[in-house]
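J.: I'd like to ask some things about the structure below.
Numbering (mature numbering (1 follows the signal peptide of the UniProt record, and there is no 0)), first residue to last: -22 to -1, 1 to 117.
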């Protein structure tokens, strides 16, 4: 019986090392121009969901010295971030009549779109098993 248990453990050991562990994705948001409202970050894991259905979202009180948000237990993979400062704290990104955001925004890789938001390929960043620290600059 003990011999069978030891054999099972010996055979399972190589597979246990292959288990994917989740880590933290730390997002530093720079160029926060006022301490009003919240900084909101949405995390996307594919092009079809980008700017429609985030897998997760975090928010933190805006801080002019910079705001840091942390997504805990993020599985390794490709992700994109959309960030905005909800200055008036109404829970949504305000837009003008043409649909252009009137509150500061940013995307991972500090990507910028032409005549609209950037696509997922431009914002995509790889989160390794060890986690990732990244920065974005509001504009």
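Each residue gets a CB set at the ideal place from its N, CA and C atoms; glycine is no exception. Note that this is a predicted model, so its numbers are computed, not measured.
(1) Is the stretch 31 to 49 in contact with the stretch 86 to 104, if contact means three or more CB pairs nearer than 8 Å?
(2) Look at the alpha carbon of residue 76 and the alpha carbon of residue 84, and state the distance between them as a whole number of angstroms.
(3) Assuming residue 98 is part of the alpha helix (DSSP H), what are its boundary residues?
(4) Should residue 78 be labelled buried (16 or more other beta-carbon atoms within 10 Å of its own) or exposed?
(5) Please report the straight-line C-alpha distance between residue 115 and residue 71, rounded to a whole angstrom.
(6) What does DSSP give as the partner residues of residue 84 in its beta bridges?
(7) Whole angstroms are fine: how far does the CA of residue 63 sit from the CA of residue 15?
(8) What is the DSSP secondary structure of residue 106, reduced to helix, strand or coil?
(9) For residue 96, which of 33, 59, 45 and 17 has the nearest alpha-carbon?
(10) For residue 106, is the classification buried or exposed, using 16 other Cβ atoms within 10 angstroms of its Cβ as the cut-off for buried?
(11) Would you tell me roughly how many angstroms separate the C-alpha atoms of residue 26 and residue 13, rounded to the nearest one?
(12) Determine the contact status of residue 22 and residue 33, defining contact as a CB-CB distance below 8 Å.
T.: Here's the rundown:
(1) Counting C-beta pairs closer than 8 Å gives fewer than three between the stretch 31 to 49 and the stretch 86 to 104, which falls short of the contact rule.
(2) Straight-line Cα distance between these residues: approximately 19 Å.
(3) 98 to 101 is the extent of the alpha helix (DSSP H) around residue 98.
(4) Exposed, since its Cβ has fewer than 16 Cβ neighbours within 10 Å.
(5) Each residue's Cα considered, the two are about 17 Å apart.
(6) 61, per the DSSP bridge assignment.
(7) When rounded, the separation of the alpha-carbon atoms in residue 15 and residue 63 is 7 Å.
(8) It is coil, neither helix nor strand.
(9) Of the listed residues, the one whose Cα sits closest to residue 96 is 59.
(10) Counting Cβ neighbours within 10 Å, residue 106 comes out exposed, since fewer than 16 surround it.
(11) In this model, residue 26 and residue 13 are separated by some 33 Å (Cα to Cα).
(12) Yes, the Cβ-Cβ distance between residue 22 and residue 33 is below 8 Å.
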